[in-house]
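Here the structure comes first, spelled out in structure tokens, and everything after it is commentary.
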Amino acid sequence: MRRAAAWGSRLRGLLLLLVVVVLCGTAAAGGRGTAPLLCNVSLDSPAEERWLPVLRHFEPAFLRAAVARVIDETVPKWVHEVIQPIAAELESFMPQPFAGEILGLCKALGISLGDGVLLNFAYESTAFCTSIVAQDEKGNIYHGRNLDYDFVDILSKITIDVQFIKSGQIAYQGTTFLGYVGLWTGQSPHKFTVSGDERAGGSWWENAIAAFLNRNYPVSWLVRDTLSRAEDFQSAVLRLAGIPIIAEVYYIVGGVSPKEGMVITRNRRGPADLWPLDPLSGAWFRVETNYDHWTTPPPFDDRRTPAMKALNATGQQNINFDTLFQVLSVKPVLNE
Numbered sequence: 564m565r566r567a568a569a570w571g572s573r574l575r576g577l578l579l580l581l582v583v584v585v586l587c588g589t590a591a592a593g594g595r596g597t598a599p600l601l602c603n604v605s606l607d608s609p610a611e612e613r614w615l616p617v618l619r620h621f622e623p624a625f626l627r628a629a630v631a632r633v634i635d636e637t638v639p640k641w642v643h644e645v646i647q648p649i650a651a652e653l654e655s656f657m658p659q660p661f662a663g664e665i666l667g668l669c670k671a672l673g674i675s676l677g678d679g680v681l682l683n684f685a686y687e688s689t690a691f692c693t694s695i696v697a698q699d700e701k702g703n704i705y706h707g708r709n710l711d712y713d714f715v716d717i718l719s720k721i722t723i724d725v726q727f728i729k730s731g732q733i734a735y736q737g738t739t740f741l742g743y744v745g746l747w748t749g750q751s752p753h754k755f756t757v758s759g760d761e762r763a764g765g766s767w768w769e770n771a772i773a774a775f776l777n778r779n780y781p782v783s784w785l786v787r788d789t790l791s792r793a794e795d796f797q798s799a800v801l802r803l804a805g806i807p808i809i810a811e812v813y814y815i816v817g818g819v820s821p822k823e824g825m826v827i828t829r830n831r832r833g834p835a836d837l838w839p840l841d842p843l844s845g846a847w848f849r850v851e852t853n854y855d856h857w858t859t860p861p862p863f864d865d866r867r868t869p870a871m872k873a874l875n876a877t878g879q880q881n882i883n884f885d886t887l888f889q890v891l892s893v894k895p896v897l898n899e
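When we follow my numbering, the leftmost residue of the sequence shown carries the number 564, and every step to the right adds one.
Written out as structure tokens, the structure is:
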């Protein structure tokens with residue numbers, strides 16, 4: 564059984580950091596589909612206002628319907644019962660700028676703050692992906708990923724590339740869904756790249772809600788926070804490995820110098836494992852799907868083995884953005 568059979572239709576976004584972002588629907592899974600809308604978000608604007616220029620590109624009624632469907636089909640009913648009664652206080656549980664941004668989006672769309680928070684939780688809970696970080700023979704680092712999500716008919720229409728602008732310069736950039744203030748994929752120019760892959764930890768919703776109310780970061784918020792704060796690869800790894808989060812996850816980090824590649828396996832409170840590139844010993848790439856690298860992936864969802872075979876067939880001497888794209892396009896690495 565492949566993931567498509569287990570999880571239904573998914574959005575397959577193939578993102579090669581630093582070069583290209585591609586959306587692939589089922590009919591276009593083998594090609595380079597249409598790039599998402601490129602938007603600027605000004606970090607110099609108040610948090611409640613900074614997404615308003617982006618919203619003007621979309622029909623509000625469609626966005627409200629999309630929010631309602633994603634929440635209804637993803638979020639357990641008991642979570643509604645926990646969140647909605649304390650909706651008025653939710654802002655106090657969220658760090659800035661995320662609280663202000665969600666509040667501003669909710670006001671603009673005419674939805675409740677509770678629904679805005681639930682929408683962000685819905686996306687946190689379903690990030691099924693394959694990430695690869697690799698080094699070529701000249702020491703250049705390449706980082707690519709594909710990202711599977713439900714609701715391909717909706718999310719393909721609201722996927723956006725975002726350049727976060729500060730003082731007239733790109734502070735960092737990433738790919739997300741409109742209404743979702745976190746990032747699962749991003750880069751800080753000339754510093755580092757990050758992608759996140761879900762790690763199954765059991766009782767996801769129960770643990771995530773408890774950790775959120777304890778003021779832990781959602782995993783995608785930590786990605787964005789790290790992109791905004793970390794000055795280099797090493798400081799990014801330290802932040803991503805150490806700050807408490809609401810759910811287990813894999814963070815994959817790439818840098819700008821030789822050997823700067825790392826897979827961080829996270830527990831909620833800290834790192835479970837650090838798995839760096841080791842090109843001098845022949846480990847010139849790392850592949851992370853949604854399973855601990857020291858375990859064997861289940862046969863119904865083994866994307867790791869085909870990816871590794873494709874990388875070895877490509878060879879370190881031939882790895883580049885085009886060949887990495889081809890590796891990530893191999894079935895079942897790219898799900899249909």
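Note that the Cβ used here is the ideal one computed from N, Cα and C, for glycine as well.
- Here DSSP, grouped into helix, strand and coil, assigns Asn875 to helix.
- Judged by pairs of C-beta atoms under 8 Å, the stretch 727-738 does not touch the stretch 647-666, as fewer than three such pairs exist.
- In the structure shown, the three-state DSSP call for Lys729 is strand.
- When the beta-carbon positions are compared, Asn683 and Gly759 stay at least 8 Å from each other.
- Runs of the alpha helix (DSSP H) spanning 4 or more residues and lying entirely within the stretch 639-720 occur at 640-646, 661-672 and 676-687, in chain order.
- When C-beta atoms of the stretch 670-681 are compared with those of the stretch 830-845, fewer than three pairs fall below 8 Å, so the two segments do not count as touching.
- Note that the C-beta distance between Val680 and Leu718 is not below 8 Å.
- Taking the Cα positions, Ile815 is about 33 Å away from Arg619.
- Annotation for Glu761: the continuous beta strand (DSSP E) segment containing it runs Phe755 to Glu761.
- The Cβ atoms of Ile809 and Asn779 lie closer than 8 Å to each other.
- Per DSSP, the beta-bridge partners of Pro839 are Met825.
- With 16 or more neighbouring CB atoms inside 10 Å of its own CB, Ser892 falls in the buried class.
- For Arg849, the beta-bridge partners assigned by DSSP are Val696.
- Apart from the 5 residues on each side of it in sequence, Gly677 sits with its Cβ closer than 6 Å to the Cβ of Ile646, Gln647 and Ala650 in its chain, given in chain order.
- Judged by DSSP in its simplified three-state form, Pro834 adopts strand.
- Per DSSP, Gln880 lies in no beta strand (DSSP E) and is assigned neither H nor E.
- Secondary structure of Gly805 (DSSP, three-state): helix.
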